[in-house]
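**Q**
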Amino acid sequence: MGHLFAENMQARSELYVKMSNDWNLARNFWIAGEILSEAIKRGGKILIFGNGGSAAEAQHFAAELVCMFEKRRKAIPAIALTTDSSILTAQSNDFGFPSVFARQIEALACQGDVAIGFTTSDVGDLENDHHSWNIRNAFEAAMVKGAKNIGFFSAKTKHLLEMVDVAIIVPNENTALVQEVHLAVIHMLCGQIEKNF
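Following the numbering used here, the numbering of the sequence shown begins with 393 at its first residue and continues without gaps.
1) So I560 is in the beta strand (DSSP E); what residue range does that whole segment cover?
2) From the DSSP secondary-structure annotation, give me the bridge partner or partners of I585.
3) Where do the ends of the alpha helix (DSSP H) carrying I423 lie?
4) Can you grab the Cα-Cα spacing for the pair E565 / E554, in whole Å?
5) I believe F510 touches A450 by the beta-carbon criterion, under 8 Å. Please report the beta-carbon distance rounded to the nearest angstrom.
6) Report, in whole angstroms, the separation of the C-beta atoms of P469 and K437, which I expect to be a contact under 8 Å.
7) Name the residue from H574, V492 and E399 whose alpha carbon lies nearest to the alpha carbon of I560.
8) Run through the segment 477-560 for me and flag every whole alpha helix (DSSP H) of 4 or more residues, listed as ranges in chain order.
9) Please report the distance separating the alpha-carbon of N526 from that of E572.
10) Can you give me the Cβ contacts of D514 inside the same chain, cut-off strictly under 8 Å, excluding the 5 residues immediately before and after it?
11) Just checking my contact of V556 with G543 at CB under 8 Å: how many whole Å lie between their CB atoms?
12) Which of the three DSSP states, helix, strand or coil, is assigned to F397?
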């Protein structure tokens with residue numbers, strides 16, 4: 393049992409060390425923080441989405457921004473598009489699950505806003521594999537509305553890279569590990585944003 397724990401902790405430690413030495417990742421982290429801070433300063437809002445565990449990350453991120461992370465400051469307008477069961481079920485029932493986030497982006501996004509999508513996978517074949525198509529379609533809708541796109545991805549993610557202004561890519565394919573690192577980066581970004589407010 394102790395051996396299993398040690399192996400799991402070692403895997404996490406090695407991933408964090410690898411990422412800490414990745415200059416491109418550090419640059420993208422800084423760019424993402426600047427995009428978010430500038431949008432907030434100009435009155436923009438943050439629209440966040442993901443599936444499964446990534447939906448929980450979207451909600452976590454929105455909560456940190458709206459309420460507070462480490463210091464008291466003005467509320468930041470952030471909305472998790474994963475929480476309204478009536479919208480999610482109506483849209484998926486009437487038009488299909490691939491459009492559940494895009495429809496909300498169409499309704500809520502304005503030029504100068506930021507859309508943030510989380511996924512640990514890649515876009516599948518729409519006919520046979522709906523993986524991440526709702527993420528792709530949301531990014532596309534955000535581009536049409538004039539919003540910036542930030543992607544939280546894994547080593548599996550390939551086809552979404554061209555749709556975002558900046559990508560935070562965890563260099564691993566293990567879903568659990570990627571989600572854990574995504575959460576850590578969420579907290580780091582919240583800290584960076586709060587320094588500006």
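Don't be surprised by glycine CBs; every beta carbon is placed ideally from N, CA and C.
What you are looking at is a predicted structure, and each value in this text was computed from that prediction instead of being measured.
**A** Taking the coordinates as given:
1) Run containing I560: V558 to V562, per the beta strand (DSSP E) assignment.
2) Answer is none; I585 lacks a bridge partner.
3) Unbroken alpha helix (DSSP H) run through I423: W415 to K433.
4) Answer to the nearest angstrom: the Cα atoms are 20 Å apart.
5) Confirmed, about 6 Å.
6) The beta carbons of P469 and K437 sit about 4 Å from each other, so the pair counts as a contact at 8 Å.
7) With distances taken between Cα atoms, I560 lies closest to H574.
8) Unbroken alpha helix (DSSP H) runs of no fewer than 4 residues, entirely contained in the segment 477-560, are found at 477-487, 492-500 and 525-537, following chain order.
9) Distance between the alpha carbons of N526 and E572 is about 22 Å.
10) The answer, listed in chain order, is H523, S524, K548, T549, K550, H551 and L552.
11) The Cβ separation is near 4 Å, so the contact holds.
12) DSSP places F397 in helix when its eight states are reduced to three.
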